[in-house]
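The sequence shown begins at 7 in this note's numbering and counts up one residue at a time.
Built from N, CA and C at the ideal position, the CB exists for glycine as well.
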Amino acid sequence: MWNGHLARSSPLTENNITEENMLGLSSVFQCKKSQPRGDIVFVHGLAGHPWGTWHPQSKRDNQDLDFWPFWLGEELQANVWTFGYDTPRFGYVGQGMPRFDLASNLLEYLDVNDIGDRPLIFVTHSMGGLVVKDLIRTAQNFDAKKAIIKQTQGIVFLSTPHQG
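Right, dumping it as structure tokens:
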């Protein structure tokens, strides 16, 4: 869960991302050759993982760059990020962080990392799509956050339960 402060995400090359600190916004690919064409943010769903959800073998090792979010960054010359959060597992009795709080935290992470100054695309799975929908609704209420809405060029919803 969020510990009350937001830190600027570090580039992947610093090898400082571990299983324990994959909560929040983590860099997958940072465009270094030129100005990035935009930002792509991946948001996993229930029982998901900020890295493993997007890996073909569900690997959680962030040093294994053989997965499509990294390729997408290389191909499109865009910065790629993944947002990690604690979620209850299926059949788990208990509570995770409320969706509104997850959306608010993601909104703050985007702001802290200057995401919203360029075109932005979200790729979501399951509950991650609902988190991003809540993020858009929340951003509508704050003038300082409306740039996120304006720069959002697309949202990919994979298996998102739009009707509940």
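Whole-angstrom distance between residue j and residue i, CA atom to CA atom
i, j, result
"residue 153", "residue 71", "31 angstroms"
"residue 138", "residue 128", "8 angstroms"
"residue 124", "residue 150", "15 angstroms"
"residue 140", "residue 45", "19 angstroms"
"residue 157", "residue 118", "16 angstroms"
"residue 167", "residue 102", "18 angstroms"
"residue 120", "residue 32", "13 angstroms"
"residue 60", "residue 145", "26 angstroms"
"residue 116", "residue 73", "23 angstroms"
"residue 49", "residue 148", "22 angstroms"
"residue 114", "residue 62", "30 angstroms"
"residue 35", "residue 47", "11 angstroms"
"residue 160", "residue 87", "15 angstroms"
"residue 122", "residue 135", "18 angstroms"
"residue 169", "residue 54", "20 angstroms"
Exposure of residue i, with buried meaning 16 or more beta-carbon neighbours within 10 Å
i, result
"residue 4", "Any question about residue 4 goes unanswered here, given that the chain covers just 7 to 170."
"residue 112", "buried"
"residue 165", "exposed"
"residue 64", "exposed"
"residue 89", "buried"
Residues near residue i by beta carbon distance below 7 angstroms, same chain, minus five either side
i, result
"residue 42", "83, 84, 85 and 124"
"residue 155", "142, 145 and 146"
Own chain residues within Cβ distance below 8 angstroms of residue i, not counting five before or after
i, result
"residue 39", "83"
"residue 92", "7, 29, 102 and 103"
"residue 162", "127, 128, 129 and 130"
Beta-carbon contacts of residue i that lie in its chain and below 6 angstroms, excluding the five residues immediately before and after
i, result
"residue 52", "93, 132 and 133"
Closer than 6 angstroms: residue i CB and nearest the ligand HEM heavy atom
i, result
"residue 43", "As for the ligand HEM, it is missing from this structure, which has no ligand bound."
Count the C-beta pairs between the region 101 to 119 and the region 69 to 79 that are closer than 8 angstroms, then say yes if the count reaches three, no if not. no
Within the region 39 to 76, note down every full beta strand (DSSP E) run reaching 3 residues or more, in order along the chain. 45 to 49
Threshold first: 4 residues or longer. Then list the alpha helix (DSSP H) segments lying entirely within the region 91 to 157, N to C. 105 to 118, 133 to 145 and 152 to 157
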